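S.K.: When the letters of the sequence shown are read in order and numbered with this note's numbering, they come out as residues 2 to 375. Sharing a structure with you now.
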Amino acid sequence: MRVVIVTESFPPDVNGVAHCAFQTARHLVARGHDPVVVAPATAGDEPDDGALCPVIRVPSLPLPGYPQVRVALPSRRLTAAIADHRADVVHLASPFVLGVRGMAAAARLGRPAVAVYQTDLAGYARTYMGAGEAAAWRRIRSVHAAADLTLAPSGAARRDLEAHGVPRVKLWPRGVDTVRFRPDLRDEALRRSLAPNGETVVGYVGRLAPEKQVELLAGAAALPGVRVVVVGDGPSRPGLEQALPGAVFLGRRTGDDLARIFASLDVFVHTGPFETFCQTVQEAMASGVPVVAPAVGGPLDLVAHGRTGVLVPPRDADAVRDAVWSLAADPALRAAYGSAGRAMVEGRTWAAVGDQLIGHYADVLAGRRTAVAA
Numbered sequence: 002m003r004v005v006i007v008t009e010s011f012p013p014d015v016n017g018v019a020h021c022a023f024q025t026a027r028h029l030v031a032r033g034h035d036p037v038v039v040a041p042a043t044a045g046d047e048p049d050d051g052a053l054c055p056v057i058r059v060p061s062l063p064l065p066g067y068p069q070v071r072v073a074l075p076s077r078r079l080t081a082a083i084a085d086h087r088a089d090v091v092h093l094a095s096p097f098v099l100g101v102r103g104m105a106a107a108a109r110l111g112r113p114a115v116a117v118y119q120t121d122l123a124g125y126a127r128t129y130m131g132a133g134e135a136a137a138w139r140r141i142r143s144v145h146a147a148a149d150l151t152l153a154p155s156g157a158a159r160r161d162l163e164a165h166g167v168p169r170v171k172l173w174p175r176g177v178d179t180v181r182f183r184p185d186l187r188d189e190a191l192r193r194s195l196a197p198n199g200e201t202v203v204g205y206v207g208r209l210a211p212e213k214q215v216e217l218l219a220g221a222a223a224l225p226g227v228r229v230v231v232v233g234d235g236p237s238r239p240g241l242e243q244a245l246p247g248a249v250f251l252g253r254r255t256g257d258d259l260a261r262i263f264a265s266l267d268v269f270v271h272t273g274p275f276e277t278f279c280q281t282v283q284e285a286m287a288s289g290v291p292v293v294a295p296a297v298g299g300p301l302d303l304v305a306h307g308r309t310g311v312l313v314p315p316r317d318a319d320a321v322r323d324a325v326w327s328l329a330a331d332p333a334l335r336a337a338y339g340s341a342g343r344a345m346v347e348g349r350t351w352a353a354v355g356d357q358l359i360g361h362y363a364d365v366l367a368g369r370r371t372a373v374a375a
């Protein structure tokens, strides 16, 4: 099967869209398919290490106020890539700018398109502009309605899409690397460097941006015997360093280094209320770490409240603090939650969900053939 993956982000970018697009390309190659990736050019022309397939970069500019995010400019390379590759399917990863053009190009060329919903644009509109949620949903609906199939990463995301009039939606979750992320990577030397007085290590991993609401960790950071560790980077970092004066900021970490940090945590906390899935929750669970997360969006599908972690009301700093305190005070409960979390995600490999995706492609192609025959 020849697939063109049109993605708004791709490694060396570090975010959920880039990671999922990379894993998709890698799995397609492993299964004997023929993918090509089209993505925005990066700032420094870093190599696409490990992509395993051709990556076509289109011109891009940094997003004002958030230079880590790049927005693709119009380019003939996109349509040419779809035509030259003779794509059987066009895969649109979180279509917003480049993906919208990819949808239009697929339609002009008569190629079926599968749109993967990953980013809560409506939530971002509320966060960054204080309004615009209705306009964001109009854009989401217009883009995804043109696709042969939309794939939602969680039950909550699927319900949102269907409630806003998006047709032909199916569930496609995300995988997790249970070989890289595992409990036996717990590193006592690292823990001593982070918490020299034996504090309970409470971690956040992700982008440091307003929509992530990492400042909700302030109450937890002030608890006696608790050390908050923040992994990631982004425009909110200077403000967060002031809001969380006792926290340790490790910056961006990836690969085996990140896996070692995950396994060395006692509690993982995710604070953002706009997650359509939340990959870092799965990585924490694979690492055998109990999770505290908001009871909204993707975490509802991932965290079994009272079994693998604690779900708290979104945007509630006191609830975050109280959940952290209850887990910090009970090592046996942390161990039980962590063990249950690891068991829950062991079957959620990228190979398993990648095969589900190939099945969705096959269904779309079969539907096209049926329509032509009719």
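The beta-carbon is built from N, C-alpha and C at its ideal position, and this holds for glycine as well. It should be emphasised that the depicted structure is a prediction, and the values quoted were computed from it without experimental measurement.
1. Do you know how far the Cα of residue 271 is from the Cα of residue 214?
2. Tell me which same chain residues have a C-beta within less than 6 Å of the C-beta of residue 342, skipping the five on either side of it?
3. Starting from residue 309, follow the beta strand (DSSP E) in both directions and report where the run begins and ends.
4. Which two residues bound the contiguous beta strand (DSSP E) that contains residue 295?
5. So does residue 110 have its beta carbon nearer than 8 Å to some heavy atom of the ligand SAM?
6. Indicate the three-state DSSP secondary structure (helix, strand or coil) for residue 146 in the structure shown.
7. Please identify the residue among 157, 345, 292 whose C-alpha is closest to the C-alpha of residue 328.
8. Spatial neighbours of residue 86 within its chain, please: CB distance less than 6 Å, with the 5 preceding and 5 following residues excluded, ordered by chain position.
9. What does the alpha-carbon distance come out to for the pair residue 170 and residue 189?
10. Could you give the distance in angstroms between the alpha-carbon of residue 361 and the alpha-carbon of residue 97?
11. Quick one: grab the DSSP three-state call for residue 92.
12. Please classify residue 60 as buried or exposed, where buried requires at least 16 other C-beta atoms within 10 Å of its C-beta.
13. Express the C-alpha separation of residue 15 and residue 24 in angstroms, rounding to a whole number.
14. Among the residues of its own chain, which have a CB less than 6 Å from the CB of residue 78, if the five just before and after it don't count?
15. Rounded to the nearest angstrom, what separates residue 356 and residue 225 at their Cα positions?
16. Should residue 139 be labelled buried (16 or more other beta-carbon atoms within 10 Å of its own) or exposed?
17. So the candidates are 118, 324, 72; which of them puts its Cα closest to the Cα of residue 10?
M.R.: By the coordinates alone:
1. Those two C-alpha atoms are separated by around 9 Å.
2. These residues qualify, in order along the chain: 286, 309.
3. For residue 309, no beta strand (DSSP E) run applies, since DSSP gives it neither H nor E.
4. Start and end: 292-295.
5. For the ligand SAM, the structure offers nothing, since it holds no ligand at all.
6. Under the three-state reduction of DSSP output, residue 146 falls in the helix class.
7. In this structure, 292 is the residue among 157, 345, 292 with its C-alpha nearest to the C-alpha of residue 328.
8. Excluding residues within five positions, the ones whose Cβ falls inside 6 Å are 3, 5, 37.
9. The straight-line gap from Cα to Cα measures roughly 45 Å.
10. C-alpha of residue 361 to C-alpha of residue 97: approximately 21 Å in a straight line.
11. Three-state result, residue 92: strand.
12. The residue in question, residue 60, is exposed, as its Cβ has fewer than 16 Cβ neighbours within 10 Å.
13. C-alpha separation (whole angstroms): 13 Å.
14. Answer for residue 78: 57, 59, listed in chain order.
15. If you take the alpha carbons of residue 356 and residue 225, they lie about 47 Å apart.
16. With fewer than 16 other Cβ atoms within 10 Å, it is exposed.
17. Among 118, 324, 72, the Cα nearest to that of residue 10 belongs to 72.
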